[in-house]
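Taking the UniProt record's numbering as reference, the numbering of the sequence shown is continuous, increasing by one, and the terminal residue is 170.
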Amino acid sequence: MPITATHIAYYHVCHRKVWLFHHGIQMEHTSELVAEGKLIDEHSYPQRAAKWQQLELPGIKIDYFDPKTFTLREVKKSNKKEAAHLAQVKYYMYILRQHDIPVKKTILEYPKLRITEEVAWEDVDEESVETWVNAVHEIIEELKCPPRINKPICKKCAYYEFYYAEESAP
Ligand code: SF4
Numbered sequence: 001m002p003i004t005a006t007h008i009a010y011y012h013v014c015h016r017k018v019w020l021f022h023h024g025i026q027m028e029h030t031s032e033l034v035a036e037g038k039l040i041d042e043h044s045y046p047q048r049a050a051k052w053q054q055l056e057l058p059g060i061k062i063d064y065f066d067p068k069t070f071t072l073r074e075v076k077k078s079n080k081k082e083a084a085h086l087a088q089v090k091y092y093m094y095i096l097r098q099h100d101i102p103v104k105k106t107i108l109e110y111p112k113l114r115i116t117e118e119v120a121w122e123d124v125d126e127e128s129v130e131t132w133v134n135a136v137h138e139i140i141e142e143l144k145c146p147p148r149i150n151k152p153i154c155k156k157c158a159y160y161e162f163y164y165a166e167e168s169a170p
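What follows is the structure, given as structure tokens:
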């Protein structure tokens with residue numbers, strides 16, 4: 001599996017999550033939160049301007065790209081802003097720029113918070129993203145899964161139920 005925006009987002013949450021995801025243990029598709037997020041995406045902005053196009057490149061799938069202004073749009077279901085969201089959109093912009101698409105900014109929307117913010121691409125971002133990518137490679141190349149972080153965020157993580165099932169097993 002190539003490095004994807006999901007790896008980069010998870011890297012900013014938990015290294016164990018990166019490793020599990022990369023090694024094919026993917027729980028997010030069963031998560032109610034993901035389903036809820038999709039609903040928000042579909043119903044909060046029903047009348048998207050025609051300017052937004054879908055774009056897919058290795059490791060990233062972007063729902064809203066404006067080729068005239070080289071702007072991305074990303075909608076987050078979350079009821080709080082997270083570093084992982086910022087990292088994810090920086091990664092999107094990095095990959096686009098690697099493909100000679102000079103994206104300049106991403107409009108990051110939080111419908112639940114009624115917040116919209118602009119995330120600009122900065123020159124220093126290239127080095128940051130490459131650092132994250134290298135770190136992700138180091139994590140996934142480890143033979144052993146990184147330890148649990150045991151933080152409050154774990155209770156909202158799709159892998160939490162997976163552990164529970166694992167520990168309940170005979
Ligand atoms: S439950 Fe916690 S330790 Fe496990 S993958 Fe999720 S965030 Fe990481």
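Just so it is clear, CB atoms sit at the ideal spot from N, CA and C, and this is done for glycine as well.
These numbers come from a predicted model, not from an experiment.
- The secondary-structure analysis by DSSP pairs Y64 across a beta bridge with R73.
- The closest heavy atom of ligand 1 lies less than 6 Å from the beta carbon of Y160.
- Taking all protein chains in view, the Cβ of K80 is surrounded by fewer than 16 other Cβ atoms within 10 Å, so the residue is classified as exposed.
- Its Cα nearest to that of H15, the residue E141 stands out among T69, S78 and E141.
- Taking 7 Å as the cut-off, the beta carbon of W132 is found closer than this to the beta carbon of I8.
- Checking the 6 Å criterion, the Cβ of R148 is within range of a heavy atom belonging to ligand 1.
- Between the segment 100-118 and the segment 134-154 there are fewer than three C-beta pairs closer than 8 Å, too few to call the two in contact.
- Assigned with DSSP and collapsed to three states, T106 falls in strand.
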